[in-house]
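1 is the number of the first residue of the sequence shown in UniProt numbering; add one for each residue after it. No residue lacks a Cβ here, since even glycine has one placed at the ideal position from N, Cα and C. Just so you know, these numbers come straight off a predicted model, no measurement behind them. Working notes, beginning with the structure itself.
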Amino acid sequence: MTDSDPTAPITVYWRWGCPFCLRLGARLRIARIPFRRVDIRDPEAAARVRAITGGDEVTPTVLANGHELVNPSIEEIRAALADTAR
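Next comes the structure, spelled out in structure tokens:
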């Protein structure tokens, strides 16, 4: 399991030095949930985050099973992954 797994079930948009991103990454690793990190220094990634958050570059922003989550808890991510309605 790696945080750069392109087949991971979730994508975490992050920013270098963001303590919330670091904490979420640690919690995902502890929960053994594979994830893909995308740095919002990439202009396309930053644009995607701004589209999700209404114009702000809030990190972490997570895509999970069709859900767009802004600064989510691990419980919110688990719920999104368990949602089969999408």
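| Query | Result |
| --- | --- |
| Beta-carbon contacts of P19 that lie in its chain and below 6 Å, excluding the five residues immediately before and after | none |
| Assigned exposure category for I10 - 16 Cβ within 10 Å defines buried | buried |
| Test item: CB-CB of I40 and T59 under 9 Å | yes |
| Identified DSSP bridge partners for E68 | L63 |
| Option nearest N65 by Cα separation, candidates L22, I33, C21, R15 | I33 |
| Coil, strand or helix - residue 164 by DSSP | Only positions 1 to 86 of the chain appear in the structure, and residue 164 is not among them; the question remains open. |
| Local Cβ density within 10 Å of P43, reported as buried at 16 or more and exposed below that | exposed |
| Distance, G17 Cα to D83 Cα | 31 Å |
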